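2 protein chains.
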Amino acid sequence: MTSPHSLPRTFTRDLHQHDGERVRLQGFLHARRDLGGVQFAVLRDVTGIAQCVGSAITLPLPESSIEITGTVKAHKKAPGGFEVQIDEGGFKVLSASTEAPPVEIPKMEWNVNPETMLDYRYVSLRGLRERAALRVQSELVYAFHTYLRAQGFTEISTPKIVSAGAEGGANLFKLDYFGEQAYLAQSPQLYKQIMVGVFERVYEVAPVYRAEEHATSRHLNEYLSLDVELGFIDSEEDVMNVEQELLRAVMEHLKVNCAAEFELLGATIPDVPAQIPRIPLLEARQLVTDKYQHQVGGKDLDPEAERLLSQHYAETTGSEFVFVTKYPRAARPFYTHADHNADGTLSDTLTRGFDLLFRGIEITSGGQRIHEYQMLLASITAYNMNPEALAGYSEVFKFGMPPHGGFAIGAERLTAKLLGIANVRYARAFPRDRHRLTP
Amino acid sequence: MTSPHSLPRTFTRDLHQHDGERVRLQGFLHARRDLGGVQFAVLRDVTGIAQCVGSAITLPLPESSIEITGTVKAHKKAPGGFEVQIDEGGFKVLSASTEAPPVEIPKMEWNVNPETMLDYRYVSLRGLRERAALRVQSELVYAFHTYLRAQGFTEISTPKIVSAGAEGGANLFKLDYFGEQAYLAQSPQLYKQIMVGVFERVYEVAPVYRAEEHATSRHLNEYLSLDVELGFIDSEEDVMNVEQELLRAVMEHLKVNCAAEFELLGATIPDVPAQIPRIPLLEARQLVTDKYQHQVGGKDLDPEAERLLSQHYAETTGSEFVFVTKYPRAARPFYTHADHNADGTLSDTLTRGFDLLFRGIEITSGGQRIHEYQMLLASITAYNMNPEALAGYSEVFKFGMPPHGGFAIGAERLTAKLLGIANVRYARAFPRDRHRLTP
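These protein sequence lines are chains A and B, in that order. Quick note on the working numbering: the first sequence kicks off at 1 and runs consecutively. Quick note on the working numbering: the second sequence kicks off at 440 and runs consecutively.
Written out as structure tokens, the structure is:
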């Protein structure tokens, strides 16, 4: 980019490379202090913050966009070990705040109502911790792209306006589509299966929608789903292998690119073991009951059981991840492939569905899918779903769909667990929940 | 991935590397011919097709998933110059089609009703031309990610369920959000502007929604928008510079990664000139009138004027791209920054909005945005929009937003123009239009 400026822009991160030199910084007035004869300005740019000092400066309100020209000097007490001594006339306001921000951006802990924080999200996201979380998510998603492409996956873009839900009729947002009833997609599930017939290995990064009425710390009504599906597999073990190596690549990417953000947030990047432990659900329930005397409700794992099972594996193997496999049919959607019995026949009760737990919470559901048309039709009927509403999808299974499977990761939930963010809403820029449609 | 198979899988693209060797292929039965004593099978995998020949094989229906083990032999008439001589017992059906596909996948030109083709999209996408178009789009989008990240942009994920439209109330899909009226986002416009305050340079790859009633060959009701926004600019020229270099990087990526797809589709990858021509709209209208005697309607360029202006620049400069700049206020949304008059005052009539034309059609709208709160409020009022409905966005402009601008590219429209696809619906896997909600 050509610039009409005499000095190129320097980023605060690079100040140490310019000791004794004149630089030009741009950013926001993060913090300010006026001692009368001397003014301190902390400038925040996308790479960090820099302490700047000068005189005869009329400091604007915090968060104003500013440009500072001055000389870099080593200064032990300044962030990063350097400060900028502002030239005479070297403090320029690019765009002044018209009022003080509703939250004190430089504060690292904000003692306000969490809902108020979300109301002010359009400006509180400028906080160092807030933006660090979203930057980690951005890098995480990019590593997802990069690794999968290197493994021969093709990215797809599938409709979010659909005529029927992938998981049945529950929890769907309804939409008027030119007079027809439509829904927002809960998942690209059946579309990504179709696309296995086209590209064999596919992935998608896109929002999905769940009209869940209840508010929890782990659910969002709109979230970014990282979806993967692959064909020509032998079993769901192949799918778990892909996810395991994907997670390894993502964590390596974060170690290289996000060390500062993890340090700022006091979080650690997990090691992915050579083989993530895999335990069948029924054994997992038994283990939790035997070891922790926790009676597991339902047919799945309840949140406490997820926590205890993770604790067990962290303590006994060091792994912060564990795959829970062979879910019972009653706990999985209609398209899940049955498990095979020892004699090679199909199980009536168990499936090739799995979950992945990380630090005590499920971050993935996945499994092998049904790829045979008659088996799929039988399952749709058994689940009391409408075969006609699903015809546009199920038709594809007439045409030689290979054995396939896949999984999905909620980007915000994984980000939250990685960074120790207690509520998943803070791992999304502008979360949508039961009561929140703005900003 | 561990494999229980004795031979690793070979892709059809790599057959020439295995002359005389035994290989194991997996894929779909693309075409078949049974001459009694000898059977021909064309296997299609994600990388291409391979001719295979054997005997005593009962060929399944087309599109069945198959696995073939055999020996590679040079064969001049086979695709790629090699065929596979199938082992005795080396033809295995992984998953049989239960009926013949509704379209003949191997045909390169399908003489059926275009709507019928879209009805069968879940299987017609397996066609070599169909999937080539989507693969080009996937590479195009990946190049968009890669280039922008290298330039310091951060990817964001913004809500698609919103309380108000970015461009006003028209063409919005309405949604019931837990009893509240909500809309599907037409654009991440105001969210990406907010995020400039957080990360300075941002981009998003996500679907957007336009409830346009009219059917044209260039519009979709749901499309993939490639959105870019950057702060600390001097003018919209900086924005156009970013887009120009982005397009150069994308085209270079396609040259390296998609040469086969362009060849298959008979399309050429454009060169991006060192400087894409830039012409103010009013001059462009005059030029088209003077040179082609075309009276341009409205305040913008009509489709014929876009075509003629592109033709002019292609003929006189060789550029297939042209920026049309300084759009009048009446033709741009409320957040567009006014142009500066020669004396430095703001123009009442012209803006810093621009379009980019490529091969006769607009593929981008962009511009510098208003960054001052009072100017934005005045503009919202002048456009007869509701300041309260936009408060969640406009509030951010109280807090020192730097001068900024951006643009958006419709992925499908750019793909279609690159590949010579006449109707943009065929540049999307599962298009949504006025009458189409399935598959």
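For glycine and all other residues, C-beta sits at the position ideal for the given N, C-alpha and C. Remember, it's a predicted structure, so these values are computed and weren't measured experimentally.
Do serine 319(A) and proline 273(A) have their CB atoms nearer than 8 Å?
-> yes
Check arginine 791(B) in the structure and name its three-state DSSP category.
-> coil
Check distances from the C-beta atoms of the region 520-546 of chain B to those of chain A and list, in chain order, the residues that come in under 8 Å.
-> Leu533, Ser534, Ala535, Ser536, Thr537, Glu538 and Pro540
Taking DSSP as the reference, what is the three-state secondary structure of proline 646(B)?
-> strand
Examine chain A for any beta-carbon lying closer than 8 Å to the beta-carbon of leucine 474(B), and answer yes or no.
-> no
Rounded straight-line distance, which links the Cα of leucine 414(A) to that of glutamate 362(A) = 9 Å
Give a yes or no on whether the C-beta atoms belonging to valine 93(A) and phenylalanine 82(A) are separated by under 8 Å.
-> no
If we count Cβ pairs, one from each stretch, closer than 8 Å, do we get three or more for the region 58-74 of chain A versus the region 100-114 of chain A?
-> yes
Rank Glu237(A), Arg129(A), Val162(A) and Asn423(A) by C-alpha distance to the C-alpha of tyrosine 183(A) and give the top, closest one.
-> Val162(A)
Would DSSP call isoleucine 819(B) helix, strand or coil?
-> helix
Hey, does arginine 432(A) have any beta-carbon neighbour from chain E nearer than 8 Å?
-> This model lacks chain E altogether; the protein chains it does include are A and B.
Neighbour flag for lysine 160(A) against chain B, beta carbons, 8 Å | yes
CB-CB under 8 Å to alanine 828(B), same chain, minus the five flanking residues each way: which ones, in chain order?
-> Ser602 and Ala603
Own chain partners of histidine 776(B) with C-beta closer than 6 Å, once the 5 adjacent residues on each side are dropped = Arg791, Gln807, Arg808 and Ile809
Determine, using beta carbons only, whether lysine 77(A) comes closer than 8 Å to chain B.
-> no
Below 8 Å CB to CB, which residues in the same chain sit around valine 53(A) once its five sequence neighbours on both sides are set aside?
-> Val38, Gln39, Phe40, Ala41, Glu83, Val84, Gln85 and Ile86
Between the C-alpha atoms of arginine 588(B) and glutamate 691(B), what's the straight-line distance to the nearest angstrom?
-> 16 Å
Can you tell which of Asp119(A), Glu245(A) and Ala50(A) has the C-alpha that lies nearest to the C-alpha of lysine 76(A)?
-> Ala50(A)
With 16 other Cβ atoms within 10 Å as the buried cut-off, status of glycine 20(A) = exposed
Among His294(A), Ala314(A) and Arg32(A), which has the Cα closest to the Cα of isoleucine 57(A)?
-> Arg32(A)
For asparagine 660(B), is the classification buried or exposed, using 16 other Cβ atoms within 10 angstroms of its Cβ as the cut-off for buried?
-> buried
In whole angstroms, what separates the C-alpha of arginine 201(A) from that of phenylalanine 153(A)?
-> 5 Å
Alpha-carbon to alpha-carbon, isoleucine 633(B) and phenylalanine 354(A) | 39 Å
May I ask you to list, following chain order, the residues of the region 217-236 of chain A that have a beta carbon less than 7 Å from some beta carbon of chain B?
-> Glu222, Leu224, Phe232 and Asp234
Count the other CB atoms within 10 Å of the CB of glutamine 137(A); is the residue buried (16 or more) or exposed (fewer)?
-> buried
Segments assigned alpha helix (DSSP H), at least 4 residues, entirely inside the region 247-335 of chain A | 259-264, 281-292 and 303-317
In this structure, does DSSP put phenylalanine 82(A) in helix, strand or coil?
-> strand
Considering only residues of the same chain and omitting the five flanking positions on each side of proline 270(A), which have a CB-CB separation below 8 Å?
-> Met251, Glu320, Phe321, Phe358, Arg359 and Leu418
Can you find a CB in chain B that lies within less than 8 Å of the CB of asparagine 57(A)?
-> Strictly speaking, residue 57(A) in this sequence is isoleucine, with asparagine absent from that position. For isoleucine 57(A), the answer is no, since every Cβ of chain B falls outside 8 Å of its Cβ.
Glutamine 576(B) lies in the alpha helix (DSSP H); which residues open and close that run?
-> 567-589
Taking phenylalanine 617(B) and arginine 248(A) to be in contact with their CB atoms under 8 Å, please state how far apart those CB atoms are, rounded to whole angstroms.
-> No, phenylalanine 617(B) and arginine 248(A) are not in contact; Cβ-Cβ is about 39 Å, not under 8 Å.
Closest to valine 681(B) by CA distance: which of Glu527(B), Asp666(B), Val695(B) and Lys694(B) is it?
-> Asp666(B)
Which full runs of the beta strand (DSSP E) of 3+ residues lie inside the region 834-862 of chain B, going along the chain?
-> 843-849
Which term fits lysine 546(B), buried or exposed, when burial requires 16 or more other beta carbons within 10 angstroms of its beta carbon?
-> exposed
Cβ neighbours of alanine 513(B) in the same chain (closer than 7 Å, five flanking residues each side left out) = Asp458, Gly520 and Phe521
Quickly, what does DSSP pair threonine 345(A) with across the bridge? List them, please.
-> In the DSSP output, where bridge partners are listed per residue, threonine 345(A) has none listed.
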